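Q: So in full-length UniProt numbering, spot 25 of the sequence shown is number 25, and the numbers just go up one at a time. From the three backbone atoms N, C-alpha and C, an ideal C-beta is built for every residue, glycine too. Here the structure is a predicted model, which means the values were calculated and not measured.
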Amino acid sequence: MVALPHSPHMRRGGGINPPPEVLLSWPAPNYANPVTHDWSGAIVLIVLLSLTIGVFGARLCARLLISKNAGLDDILISAAMLPLIGLTIAAVLGIRIYGFQWHAWDQTATTYITTREITLSIELLYMGATALTKISILCFYRRMSSGSISRVFIYGVWGLILSVVAYFIVFAFVIIFTCTPVEGFWRYYDLVWRTQNEMHCHDEGVIIVTIVVISTLQDFIICALPAVLVWNLQIPKRQKMALVALFGAGVLTCICGIMRTYYAIYVYFFTYDITWYAYYGWVWTAIESDLGVICACAPAMKVFFLRYFQYTTQSGSKGTRNSTKPKTLSSMGCFKKPYGQLSGQYSAGVTTIGSHGESKKDSLHCQGIPLDRIQVRSHTDIRVDEFGGRSSMDSQSSTRILRAPPLSPTFSEEPPVNWVGSRTTCKRSSNSQGDPDMERMTGAIAR
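Right, here's the structure in full:
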């Protein structure tokens, strides 16, 4: 915050009409190498606008693509982005090119006009951006409170919405017609034009200060409403505190509003070097508008970041799984399960009949193997060591590789046919298409 100056160039009193004695006390204009504000303000505004656009884009992604629950508040905040971008551009041009980078006594005939044009543009764009942002936030409150908050709260929200709309309409009209004709606003210091035209202007300082004071009061009220809203929601206390902290970030917007109010009062009532100190006022004006949009988008960020971190976590886990060679059942010393029993859902509790006619309960071959995670792909290789069929009479040991199609997602209710006479029991259903050689090579068929 800048202290009130006690320089001979500055005296108590100020505004856009410096008296003759103040004009005589100013140094001679320096058009060759004037004292100039640095780039810090412009850089801050450009970076903050980029951040605001990114947050706004994340909000749209969360509402339109993830949650798919966009509402009126999203439409309003989207509309607010247009005057917000225009406001930031106007502020950057004003503090770097159009005269607010210099002292009042270093202004040229051109910048005397451009500073007034930028002032009118910034004030109107500021009112449009902040009014739409406030209404968007209030519509979000109304959306959250649907069916869970008293009618008094709902009526209060609607009352604030109407007050913001009225504030925008009334003061936009007042700013535009501060001078009559309207052109007189930016021709205020054009002596040639003023000698040829009659004009009448209202007290610009009173108008601007009134606007910023009302806007800051609205910011405080809107920031205080979430405490009432969240406290009455039926959610755990810990979540209530988190939501209050989230909405409490709007206090930063209120602080910016206070700083803007300070410089508005200072420029119009405490200094005649209005262009030099209005520089700070325009920077705080743009910062306040940007932070307002960021705070309005903050509640939607939770959904966006949850989806983002979930995606990155899954991608990382997938990469880890793909980089590690999976263990097979055979490598762990386990027999392969029947092809119809690979899923854990169908693996346990299957009764088979042995070669000697006894009935026994099949159990899991290996404990701790997540059979429910095994997937059968295009074909399953089943190795059968035969000992009961005709082939075993010709050789002490013979082995055949049998090909079977993948398990069908549906199972027939018919009683299964089991081939026995081998270490592996193969289960056939009506949907399976087993190799015909398998039937010829087994010793017996049991139903």
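#1: Between Cys61, Ala131, Trp284, which lies nearest to proline 299 when the distance is taken from Cα to Cα?
#2: Only counting the same chain, and skipping five residues up and downstream in sequence, which positions put a Cβ closer than 7 Å to that of alanine 166?
#3: Starting from glutamate 183 and walking both ways along the alpha helix (DSSP H), at which residues does that stretch end?
#4: What does a CB cutoff of less than 8 Å around tryptophan 39 pick up in its chain, not counting 5 residues either side in sequence?
#5: Which residue marks the beginning of the alpha helix (DSSP H) containing leucine 49, and which one marks its end?
#6: Please state whether the Cβ-Cβ distance between threonine 178 and phenylalanine 185 is less than 8 Å.
#7: Please determine, among Val164, Tyr141, Ser163, the residue with the shortest C-alpha to C-alpha distance to isoleucine 154.
#8: Taking Cβ positions, are glycine 250 and isoleucine 222 nearer each other than 8 Å?
#9: With a floor of 4 residues, list each alpha helix (DSSP H) that falls wholly inside the stretch 122-202, ordered by position along the chain.
#10: For alanine 348, which of helix, strand or coil comes out of DSSP?
#11: Output the distance between the C-alpha atoms of leucine 342 and leucine 65, rounded to the nearest integer angstrom.
#12: Using three-state DSSP, classify serine 395 as helix, strand or coil.
#13: Beta-carbon within less than 6 Å of tyrosine 272's beta-carbon, same chain only, minus the 5 sequence neighbours each way: which residues are those?
#14: If you drop the 5 nearest sequence neighbours on each side, which residues of the same chain put their C-beta closer than 7 Å to that of serine 163?
#15: Use the C-beta contact count for glycine 94: other C-beta atoms within 10 angstroms, 16 or more gives buried, fewer gives exposed.
#16: Does the stretch 284-294 come close enough to the stretch 40-57 to have 3 or more Cβ pairs within less than 8 Å?
#17: Quick check on the burial criterion: 16 or more other C-beta atoms within 10 angstroms. Buried or exposed for threonine 108?
#18: Around the C-beta of histidine 103, are 16 or more other C-beta atoms found within 10 angstroms, so that it is buried, or is it exposed?
#19: Where does threonine 261 fall in DSSP's three states?
#20: Give the range of the alpha helix (DSSP H) segment to which residue 458 is assigned.
#21: Is isoleucine 207 helix, strand or coil when you go by DSSP?
#22: Note down, in chain order, each residue of its chain lying with its Cβ closer than 7 Å to the Cβ of aspartate 73, except the 5 sequence neighbours on either side.
#23: For a quick check, are the C-beta atoms of threonine 133 and alanine 296 less than 8 Å apart?
#24: Is it buried or exposed, isoleucine 75, if we count other Cβ atoms within 10 angstroms and call 16 or more buried?
#25: Hey, isoleucine 122 and alanine 90: beta-carbon distance below 8 Å or not?
#26: For alanine 80, report the span of its alpha helix (DSSP H) as first-last.
#27: Going by beta carbon distance, what residues of the same chain come within less than 6 Å of leucine 120, once the five residues before and after it are set aside?
#28: For isoleucine 294, name the three-state secondary structure that DSSP assigns.
#29: Between the C-alpha atoms of glycine 292 and alanine 80, what's the straight-line distance to the nearest angstrom?
#30: Does at least one heavy atom of the ligand GDP sit under 7 Å from the Cβ of methionine 241?
#31: Check the C-beta distance from leucine 124 over to alanine 172 and give it rounded, since I have them as a contact under 8 Å.
#32: At what residues does the alpha helix (DSSP H) containing serine 25 begin and finish?
#33: Is it buried or exposed, proline 83, if we count other Cβ atoms within 10 angstroms and call 16 or more buried?
#34: Skipping 5 residues on each side, what residues in its chain have a beta carbon closer than 6 Å to that of tyrosine 280?
A: The structure says:
#1: Residue Cys61 holds the alpha-carbon nearest to the alpha-carbon of proline 299 among Cys61, Ala131, Trp284.
#2: Excluding positions up to five away in sequence, the list is empty.
#3: No alpha helix (DSSP H) contains glutamate 183, which DSSP labels as neither H nor E.
#4: Arg96.
#5: Element bounds for leucine 49: 40-60.
#6: Result yes, Cβ atoms of threonine 178 and phenylalanine 185 sit closer than 8 Å.
#7: The shortest C-alpha to C-alpha distance from isoleucine 154 to any of Val164, Tyr141, Ser163 is the one to Tyr141.
#8: Yes, these two residues count as a Cβ contact at 8 Å.
#9: Segments of the alpha helix (DSSP H) lying fully in the stretch 122-202: 151-176, 191-196.
#10: A caution first: alanine 348 carries a pLDDT of 41, below 50, which makes its placement in the model unreliable, though a value can still be read off. Residue state, collapsed to three classes: coil.
#11: Low confidence applies to leucine 342: its pLDDT is 42, below 50, so where it sits in the model is not reliable enough to give any reading.
#12: In this prediction, serine 395 has a pLDDT of 44, which is less than 50 and means its spatial position is unreliable; what the coordinates show is noted afterwards. Reduced to three states, the DSSP call for serine 395 is coil.
#13: Within the same chain, tyrosine 272 has close Cβ partners Gly14, Pro18, Val22.
#14: Residues of the same chain with their beta carbon placed closer than 7 Å to that of serine 163 are lacking, with the five preceding and five following residues left out of the count.
#15: Counting other Cβ atoms within 10 Å of its Cβ, glycine 94 reaches 16 or more and is therefore classed as buried.
#16: They touch, by the three-pair rule.
#17: Threonine 108 should be labelled exposed.
#18: Buried: at least 16 other Cβ atoms inside 10 Å.
#19: In this structure, DSSP gives threonine 261 a helical state, which the three-state scheme calls helix.
#20: No answer is possible for residue 458: the residues shown for the chain start at 1 and end at 447.
#21: Three-state DSSP puts isoleucine 207 in a helix.
#22: Closer than 7 Å at Cβ, skipping near neighbours: Ser136, Cys139, Phe140, Arg143.
#23: Here threonine 133 is near alanine 296, since their CB atoms are less than 8 Å apart.
#24: It counts as exposed.
#25: In this structure, the beta-carbon distance from isoleucine 122 to alanine 90 falls below 8 Å.
#26: Run containing alanine 80: 72-96, per the alpha helix (DSSP H) assignment.
#27: Phe185.
#28: Judged by DSSP in its simplified three-state form, isoleucine 294 adopts helix.
#29: About 10 Å.
#30: Ligands are entirely absent from the displayed structure, and the ligand GDP is therefore not among its contents.
#31: About 6 Å separates the Cβ atoms of leucine 124 and alanine 172, confirming a contact at the 8 Å cut-off.
#32: Looking at the DSSP string, the run of the alpha helix (DSSP H) that includes serine 25 is 20-25.
#33: With 16 or more Cβ atoms within 10 Å of its Cβ, proline 83 is classed as buried.
#34: Taking tyrosine 280 as the centre and dropping the five residues before and after it, the same chain places the C-beta of Tyr263 closer than 6 Å to its C-beta, in chain order.
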